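Remarks on the structure that follows.
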Amino acid sequence: MARERSNDPVEQILEGLGVENASNTGASDAAVDDILAGLGLQSDPVPTARPAQKPAQPRQQAAKPAAQPKPAARPKAAPQPKPAQARPVNAPKAQPRPAEKPVPARQEPVQEATGEIRLGDVFGAAPARPAEKPARHTPAADTAPTREAAKPAGRPSLEDSLTLDDEFTRFFTESVAVVPDEQEETERVSLWQRLRKGRAAKHDSSGDTVMLPEREEAMEATGEINLRGAVGEIKLKVAPQRVEAYSEEEDATRPIELDRDDREPDDRTGGRPRLFGSREPEDVDEEPVQSTEYETLEDGPAVQTKLESAGANLSLRVALTGVLGVALLYLGMSASLAGVPAPAPIDPAMAPGAFLAVNLILLLAALVVNFPTLASGLTGLAKNPNPDTLATFAGLGALVQLAACLIAGKAWDPSAVTLFAGPAVLLLAFNAAGRRMMNGVISRNFQAVTSGLDREAAYLVHNRELTARLAAGTGEPDPALLISRPTELMRGFMRQSFSARPGDALARKLAWGQLAAGVVALIGGAVIGKSALTAVSSLAGTLCLAAPVCATLVSAVPSLMLQKSASRVGAVVPGWSAQEELGSANMILVGARDLFPAGCVRLHGIKTFEKERIDLAILYAASVLVKGCDTLRDVFLAIIQNKTEMLFPVENLTNEPGLGFTGWVQNNRVLVGNRELMRKHGVDTPSRDYESRYTRGGRELVYLAVSGRLFGMFLVSYKANPSTRRVLHRLHGRGISVLVKSDDFTLNSTLVSQVYSLPEGCIKVLEASDLAALAPATAYQPASDGCMLHIGSFASFVGGMDAAAGAVAAESSANLVQAVSVGIGCLMAVLLAFTGGLVGLALPAMVLYHAAWAALTLALPLIRKY
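In terms of this note's numbering, the sequence shown opens at residue 1108 and continues consecutively.
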């Protein structure tokens, strides 16, 4: 019969291992201790040092019935231990930190009993080493003795708590530290890349690892889901109400896709209907590109497809309208110019009716192709203003003129009345070209946003209380702070891309002026020519002469230049509303690493106290600063030649902003910071007079304390980066102040201002309380508001701002030139109408007039620096 399971813990452990109880087999207490030691347990309550050993394999493998013989007295196999209860045997229990020993009183000043070395001495021959050769330090050892057991009575020896081998000693005595090249950061895979890979796996025919649920009947009967794949078969028990039934029409080969959360689509979009994404019904009518929005990562492919489709339609419209415009321009010149032959079947001298009919057909075809432009232009007079209105008036005026000529019949004189259909259609073609260029800019911006790179969204802080607090000392009367936070998606990207531009409202005003000038010319033509045909021709001529060629190009060209300039630094600025928001900022937040990149921090010397070893001082300080301080990291990496395997593991590293770092290294508490940090933790420091001998020439002191005693100090200095200097001075010229977040305890506002030769108040290094208040605003969010996306670097952040500022200035100047061109065109048309020269105006002269204004209008955005 099976023996009853004992309640004794030791007997349960022995039963789990398939071993009889010591009471039944006569095993001694030592045998029990060996078994407990094999499980990573100790019978002795006092922790003792234990040498590093190879991690034991999970005990459940040793407990399999097939692997061990069963005792004869046991009728049943020993039960298997549960995998969820397995613990690594070499994981030591957390020990409380011991209290630091008080600093012994000294009779003499600290500096009198010190050794000193300059940087040249560090890079040259080091002092003689002790004769003994300590064993190599093994940071991976997890079973370090506790501090109480490891520290003997009396003053502890730091060298006794470290183990340094010959290679480490030889490195500091023979090697010369060289600043290495910066290594590129490993590219991180974002959530968007994972989603795209998941969609690619959906269409992979070789996806053997895809596990699919079995038939619905099996799930309902057993409450289990069997997943089969290349890795084997897995049975999962599920609650009946959580099992979803699959219909027979459903594709049985599709992989299971998991949503980012369990919310319904309407909850994720705030109750708004989704126009794109995998959850959108198929019978929803297609909306214009302007109404689309990039609300979730799943919307990306659908939005990109729609942008590409709209771009293809615009390209076709440009091509067809351009061909029709050139054909109409040729026909118009053949009717009015003697040197241009007309096709024989439709010669205006022999068959004026056929000639006018062909012109009318071609013009109607062009208007049909550009029907969206006509509809947008007419509605823009009352609702949303847009530059399409100017080209729309020109096209409709040419249509009225052709209809009047057909009605007039033989009264139309080809040599006296010029047909303006050709210039009108060319205006529509250039209008479509501007739309196509803008669509390409938006499409490329969207491709950059959804490329999978990790980006940050720059946005204005709307918390006025926080902004005023951070701006204290900068002298900004109305601060507007621009900061960045990591995110996967920037809300409102498409809305900002198609936001209204300042040229749109101006275009509507110019269109009303164009129409008013046309009416005046109509009256003048009727008075001078005393005929309806002359009056209508004067109207058409005015509308075509006053309409600008670059109505849509004045915004498309600066946007294109902005997109190209920003993409070079990894930034994306969606549209005009984003550019305005960027331009309204007068403060920005950057990191200390942005101002002092690699090579801007220099180490001038190292000094130890009480004859401590310099190599240990370097190792202690490098272990802490390489892990914690982004600005001082490079200089210590240069000393150890990027051999980070020499560094000690640092436990419980804590940054005390403005003071320094505290941590535990090899059971010793290590402090790396300034004078205030040492005094805060009760460590004696040299006098101010003694420090002044080393801090001349803008040098800063970095103190190192180990186990409550001053161990050494490092002399560092900062120099300006030339490119950063130019950027900061350019920002200062635009009235933008810089706030700096830093974990470097040696940096302050005065130091940074002096290094970069800027007046006080232009740069402010934030204090610890300011950083704590700002932390939620800069923390990661899956979706964030913003006016610019960048890759997180200083060059990308400021480069995007500079490009946006250049685009705003370029578009504003181009709009001004265009407004002047329309005004001059209206004035010239009215004057020509009253003098009788507008009706017979030569088409080449009108084309050259428009070309000259187009070149002048676009020259300003093209030569502008972005």
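All C-beta atoms, glycine included, are put in the ideal place defined by N, C-alpha and C. Predicted model only: the values in this text are computed from it and were never measured.
Give me the Cα-Cα distance between residue i and residue j, rounded to the nearest whole angstrom.
i       : j       : result
Leu1513 : Ala1642 : 15 Å
Ser1606 : Leu1640 : 42 Å
Tyr1973 : Leu1667 : 11 Å
Leu1766 : Ala1678 : 35 Å
Phe1537 : Leu1669 : 21 Å
Met1908 : Arg1841 : 11 Å
Glu1595 : Cys1894 : 14 Å
Pro1452 : Ala1458 : 7 Å
Pro1968 : Gly1460 : 45 Å
Val1708 : Thr1480 : 59 Å
Ser1928 : Ala1911 : 26 Å
Leu1760 : Ser1903 : 31 Å
Lys1517 : Gly1504 : 21 Å
Glu1763 : Leu1754 : 22 Å
Ile1721 : Ala1728 : 11 Å
Ser1864 : Val1757 : 37 Å
Phe1768 : Pro1584 : 36 Å
Lys1714 : Cys1736 : 21 Å
Gly1529 : Arg1675 : 40 Å
Phe1941 : Met1597 : 56 Å
Gly1943 : Ala1628 : 10 Å
Leu1567 : Ala1926 : 32 Å
Pro1450 : Ala1966 : 38 Å
Arg1800 : Val1777 : 25 Å
Since residue i and residue j are thought to touch, with beta carbons under 8 Å apart, how far apart are those beta carbons, to the nearest angstrom?
i       : j       : result
Pro1521 : Ala1442 : 4 Å
Val1410 : Phe1553 : 7 Å
Leu1650 : Ala1501 : 5 Å
Arg1602 : Glu1918 : Their Cβ separation, rounded to whole angstroms, is 19 Å, which puts Arg1602 and Glu1918 out of contact at 8 Å.
Leu1948 : Leu1934 : With 8 Å as the limit, Leu1948 and Leu1934 do not qualify as a contact, their Cβ atoms being about 15 Å apart.
Leu1838 : Val1845 : 7 Å
Ile1898 : Leu1560 : 6 Å
Asn1775 : Ser1814 : 5 Å
Thr1738 : Arg1700 : 6 Å
Gly1648 : Val1447 : With 8 Å as the limit, Gly1648 and Val1447 do not qualify as a contact, their Cβ atoms being about 19 Å apart.
Val1937 : Ala1624 : 6 Å
Give the range of the beta strand (DSSP E) segment to which residue i is assigned.
i       : result
Ser1891 : Gln1888 to Ser1891
Leu1467 : No beta strand (DSSP E) holds Leu1467; the alpha helix (DSSP H) holding it covers Pro1459 to Val1476.
Arg1782 : Taken as a continuous stretch (DSSP letters only), Arg1782 belongs to no beta strand (DSSP E), being part of the alpha helix (DSSP H) at Arg1782 to Lys1787.
Val1772 : Gly1767 to Val1772
Ser1591 : Leu1588 to Met1597
Thr1761 : Val1757 to Glu1763
With a CB to CB cut of under 7 Å and the five nearest residues on each side skipped, what residues in its chain are close to residue i?
i       : result
Asn1546 : Leu1414, Ala1417, Gly1418 and Leu1421
Ile1970 : none
Val1217 : In this predicted model, Val1217 has a pLDDT of only 37, less than 50, meaning its place in the structure is not dependable; the value taken from the coordinates is given anyway. So the qualifying residues of the chain are Phe1716, Asp1791, Pro1793 and Leu1817.
Considering residue i, what are the terminal residues of the alpha helix (DSSP H) in which it resides?
i       : result
Thr1885 : Ala1875 to Thr1885
Ile1898 : Per DSSP, Ile1898 belongs to no alpha helix (DSSP H) and is neither H nor E.
Arg1576 : Arg1571 to Leu1577
Glu1619 : Per the sequence shown, the amino acid found at residue 1619 is Trp instead of Glu. Pro1609 to Gly1636 is the extent of the alpha helix (DSSP H) around Trp1619.
Asn1538 : Ala1528 to Val1556
Leu1963 : Leu1950 to Ile1970
Tyr1437 : Gly1407 to Ser1443
Leu1567 : Unbroken run through Leu1567 is the beta strand (DSSP E), Arg1562 to Leu1567; no alpha helix (DSSP H).
Ile1514 : Asp1495 to Ala1515
Ser1604 : Phe1600 to Ser1604
Less than 6 Å between C-beta atoms, sequence neighbours within five positions excluded: which residues of the same chain meet that for residue i?
i       : result
Leu1660 : Gly1541
Ile1549 : Ser1604
Ala1663 : Gly1541, Met1544 and Met1545
Pro1593 : Glu1563 and Tyr1887
Pro1494 : Ala1614, Ala1658 and Thr1659
Val1862 : Tyr1825 and Ala1827
Which residues in the same chain have their Cβ closer than 8 Å to the Cβ of residue i, if we skip the five residues on either side of it in sequence?
i       : result
Ala1916 : Arg1971
Arg1576 : Asp1877 and Ala1880
So within the segment 1799-1869, which uninterrupted beta strand (DSSP E) runs reach at least 3 residues, ignoring any that extend past its ends? Counting whole runs of 3 or more residues, the segment 1799-1869 contains the beta strand (DSSP E) stretches 1807-1813, 1816-1825 and 1844-1848.
At what residue ranges does the segment 1692-1740 contain a whole run of the alpha helix (DSSP H), taking only runs of 4 or more? Segments of the alpha helix (DSSP H) lying fully in the segment 1692-1740: 1699-1702 and 1721-1735.
Whole beta strand (DSSP E) runs in the segment 1637-1700 with 3 or more residues, listed along the chain? Whole beta strand (DSSP E) segments, 3+ residues: 1694-1698.
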